[in-house]
Every structure is written in C-alpha cells, then in structure tokens.
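For the sequence shown, counting from 1, position 162 maps to 162 in the UniProt record's numbering; every step adds exactly one.
Note that beta-carbon positions come from the ideal geometry of N, C-alpha and C, so glycine has one too.
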Amino acid sequence: MQMTIQLAHFKLHQKFVATYESASTAAFKHGRTETVRSCTNEAVAFVRTMTNASASDSDKANALRAAVTKHSELTKNGVMGQGFDRHLFALRAMAELQGIAVPEFYTLPAHQTMSKIILSTSTLSSPALEGGSFGPVNEDCYGIGYGIEQESSAFQLSSYRDDLPQLKELLVESIVDLERLLADTTPKK
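Rendered as structure tokens:
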C-alpha cells in the first residue's frame, strides 16, 4: 500500500515528499511507535519506473519488488526498535530539557524537509476495526489510514487540502495499475 500511496501522490504533485508510517514498538516496555520513512530511494525508483511510458512491465515489477523489500526491511527495523526518528527526537528533547543548545543538525534544510510530514500514514488492519484514519499533522499534509483484508482493502483519507478527491482517484487508479502489473508479471502456477 505504501508504494500505491507514493505513486498516487507523485501522479498528483510530480514530487516526492516526507512520509510517515507508524510502526508499533508495543513489544517493548512503554513502547509506542517508531517512524518508517516510506519514501526511500527504492520507492522513488519504483515510481519513476512506473511513470515511464517506455519501461517494460518486467522493469516495473522488479522496481516494485525492490521498493517493497526495502520498505519491509525498514518496517522490521522500526518494530524491533532499530529506527532513528524517535532516537533523534529524544536527543533533541534531552538537550532542550537540560538547557543545552540544540545541535546544528536540527537546523539543516535537509532535517527541516524530513521533519515536515506531507504523507502521514498508518495501517489499521484488524477484524475488530471497521475503519479509522490517520489525521493530517499540518496544513499541507494528507492523513491516510488503510486496512488490508483477505479480499479487499480500504483507504480512509483526511486533509486540510482541497485536492483530496483527486488523490483518492489516483489511489484507486494506482491500485488498479499495480493489480494489473502483478497479474501480468507473476508466474502462473
């Protein structure tokens, strides 16, 4: 689903943005969440390949697999407490609490870009849930909750932006595109 979100957003805005996906760290005492950064180099390569009219279906499928593999690795790391976002947050919070100057790293343009989340996402898959969402965290953000079940999937979208209907249509289009791609490139048993 994360690659569907990346593809749909790119189709709408022609750019890549900071993306948050929550990963539960509930296995740890007092665990809450870690951030999975879904807009990886592999995700960018996948989207660029998918939107390249001259790319073959095989190239598109390979790019999708590479992006999903990287995303799965980051998710696993986050769940196992091996992410970096909460660590960086804690370092900054401790510096502020102790009256220590916040390190220059936190003022760099790259950190500022990374910190302004535009796609705030979370999977909400559970037989106990009929739906739910993940709200936007700033005026430019899209909140995207999604559920994946055996026979279907659903998105719940929220935003302060007025182009949410277009994003919805592009999410549907992207799901259809990926479904077709996988059907055409997955070896038959």
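Which of helix, strand or coil DSSP assigns to residue i
{"i": "G78", "result": "helix"}
{"i": "V36", "result": "strand"}
{"i": "I100", "result": "coil"}
{"i": "A154", "result": "strand"}
{"i": "residue 248", "result": "Residue 248 is absent from the model: the chain starts at 1 and stops at 189."}
{"i": "S115", "result": "helix"}
{"i": "T121", "result": "strand"}
{"i": "E21", "result": "strand"}
Reference residue i; option with closest CA among the options
{"i": "I144", "options": "S133, E151, S153, N138", "result": "S133"}
{"i": "E42", "options": "L12, R32, L7", "result": "L7"}
{"i": "D162", "options": "V172, A90, E139", "result": "E139"}
{"i": "T19", "options": "F46, T113, Q82", "result": "T113"}
{"i": "V176", "options": "S152, D85, H13, S72", "result": "S152"}
{"i": "T35", "options": "T49, F89, T107", "result": "F89"}
{"i": "R37", "options": "S120, L164, D184", "result": "S120"}
{"i": "Y106", "options": "L124, D85, S122, K189", "result": "D85"}
For residue j and residue i, believed in contact at Cβ under 8 angstroms, the rounded distance
{"i": "P103", "j": "A110", "result": "At roughly 14 angstroms, the Cβ-Cβ gap does not stay under 8 angstroms, so P103 and A110 are not in contact."}
{"i": "residue 190", "j": "Y146", "result": "Nothing about residue 190 can be read from this structure; the chain reaches only from 1 to 189."}
{"i": "L64", "j": "M3", "result": "6 angstroms"}
C-beta neighbour in chain C for residue i, strict 7 angstroms
{"i": "Q6", "result": "Although the question refers to chain C, the structure presented lacks it and comprises just one protein chain."}
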